[in-house]
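*Asks:* Numbers given in the numbering used here equal positions in the sequence shown, counted from 1, plus 1.
Backbone N, C-alpha and C define an ideal beta-carbon position, used for all residues, glycine too.
Owing to the predicted nature of the structure, the values given are computational and were not obtained by experimental measurement.
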Amino acid sequence: MHAGAPRESAPELDELIFIATTDIAARTKGRSMRLADFGPDTSLGWVPANLGIGSLGHIVDDIPYGSTGDLRLKPDHGSLTRVDGIPGRPPLNIVFADLVDTDGSPWESCPRTFLRDAVAQLREEFGITTRCAFEHEFVDVSAKGDHHPFSLQAFRNAEPIGSALMSVLHRAGLEPETWLPEYGRHQYEITVAPTDPLAAADRAILVRDIVYDIFDAHGREASFAPVVAPGETGNGVHVHFGLDDAEGRTLVFDPARPGRLSELAGSFAAGIVRHGPAMAALFAPLATSYLRLAPHNWSTARAFLGLQNREALLRICPTNEIDGRDPSRQLHFEFRGGDIGANPWILLGMILRAGMQGIREGLETPEIVEGELDLDGRHAGLARLPRDLEEALTMLRRDKVVSGWFSPAFLATFEAIKRDEFASVQARSLAEQCEVYTGVY
Ligand code: GLU
Ligand code: MG
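1) Please state the DSSP three-state secondary structure of S110.
2) Where are the beta strand (DSSP E) runs, 3 residues long or more, that stay fully inside the region 161–248, in chain order?
3) Taking the beta strand (DSSP E) that F336 belongs to, which residues open and close that run?
4) Please find out if some non-hydrogen atom of ligand 3 comes closer than 6 Å to the beta-carbon of W299.
5) By the 10 Å Cβ neighbour count, where 16 or more other Cβ atoms means buried, how is Q358 classified, buried or exposed?
6) For G128 and A247, which I take to be in contact (beta-carbon distance under 8 Å), what is that distance rounded to the nearest angstrom?
7) I need the boundaries of the alpha helix (DSSP H) containing T439, first residue and last residue.
8) Quick check: what's the CA-CA separation for W108 versus I341?
9) Tell me the residue span of the beta strand (DSSP E) that contains N94.
10) Is any heavy atom in ligand 1 found nearer than 6 Å to the beta carbon of E362?
11) For a test of your reading of the model: does the CB of E138 fall under 6 Å from any non-hydrogen atom of ligand 1? Yes or no.
12) Return helix, strand or coil for V142, following the three-state DSSP convention.
13) As a quick exercise: from I317, P409, Q188, R90, pick the residue whose alpha carbon is nearest that of R157.
14) Just tell me which of T130, T301, P88 has its CA closest to the CA of P195.
15) State the DSSP-derived secondary structure class of M2, mapped to helix, strand or coil.
16) Report the residue from G382, D421, C133, T366 whose alpha carbon sits nearest the alpha carbon of L390.
17) Shorter than 6 Å, the distance from the beta carbon of R209 to the closest heavy atom of ligand 1, or not?
18) Taking 7 Å as the threshold (C-beta atoms), are A134 and V208 in contact?
19) Within 10 angstroms of its Cβ, does R326 collect 16 or more other Cβ (buried), or is it exposed?
20) For K75, does the count of other Cβ atoms within 10 angstroms reach 16, so buried, or fall short, so exposed?
21) Hey, quick one: how far does the alpha helix (DSSP H) through L265 stretch, first residue to last?
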């Protein structure tokens, strides 16, 4: 879908601004207008039934939103970003919008409001703030030939795209950190610096669309699909986050306790681990997500907390103590279950909500798995993540805490999309399923 020859930019064109939302299918959607006409009170119309557009690109049947009803895309001006420097493309001005009813009140099913509310709750109910960062893996599906993991050659093969990507992200204020050839065939990873949760999730959306744009501008094609072909290394979307007090002091670090995790951080982690299986339908929402979420993939098949363990749903990340660096500010978590099918606002909103539930109930720190996972022995009892999308939907429905976070209409729409998707892909071979999602994502 992203193939195309570079086009000449026309400097005399008026600049546009794209007013964007991202939906259940985690595709960026919206409307544009001339930037010169965009003002502090601008909002644009939107349609509730658009939420029912699934990954396959059509509004599915049996959703609670029909042909009537109207919403507004209400821009969050702080999110306005200017993306410039993509060869042959005019600059992109993009602003993220909350979906509101026509009287300005938040829409019951707005994915961005889902995260916004979770962040407010975290601050107001618990006095906690957090800084977060999304890491993305993807495959250059147009690349040919051999690939050696992590190699200089793989890095060079992606030039000048790698340099272009880092420059464009930097100039857009998205603070890129590292760009690397990953383990999988023609797989790459891009990381950006942590920031507040809404901005971090907005950044995740921008990173994807900028990657697509840059690859397309170079006549190449990138795919973030969970697995681009059966047997290939998975592409994860990992979310890093800490917990701070209102003054930005860490609430995670306690050197006297197991894993150096404070009691509060332990409860937060426990909420995530407990609700992990039920959240899977939303963090791993594609039929092929479950090819990735398997043991020995350096992704995760069990809901557990692991110390520096890359098969954990929730990993306690290492700290850098070279030259006496202070670990207390560094210790943080990484949620490793997510993939590109998950809406970043919803993914992060769920992580925060599950964590808050853990604190609310005063849950004990879960078992911290240290060393290699021994699923036939001492770790056999760790809770399983669902093995496929159908099981994931059942687990979501059964968990009243997780399903209770969403409006009934959102859940009904989500389930209708997944049923439609399932009906369409289940008869196909795994290779074909992978191909479908590789085209979409
Ligand atoms: N590719 C792995 C995944 O599917 C992650 C590898 C890593 O630890 O970066 O999540
Ligand atoms: Mg990686």
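*Replies:* Let's see:
1) coil
2) 177–182, 188–193, 238–242
3) 334–336
4) You won't find ligand 3 in this model; what it holds is ligand 1 and ligand 2.
5) buried
6) 6 Å
7) 431–441
8) 24 Å
9) 93–102
10) Residue side-chain check: E362 keeps its Cβ at 6 Å or more from all non-hydrogen atoms of ligand 1.
11) yes
12) Residue state, collapsed to three classes: coil.
13) Comparing C-alpha distances from R157 to each of I317, P409, Q188, R90 shows the shortest one belongs to Q188.
14) T130
15) The pLDDT assigned to M2 is 43, lower than 50, so where the model puts this residue is not dependable; a value taken from the coordinates is nonetheless given after this. If DSSP states are grouped into helix, strand and coil, M2 belongs with coil.
16) D421
17) no
18) Taking the C-beta atoms as reference points, A134 is found no nearer than 7 Å to V208.
19) exposed
20) buried
21) 264–284
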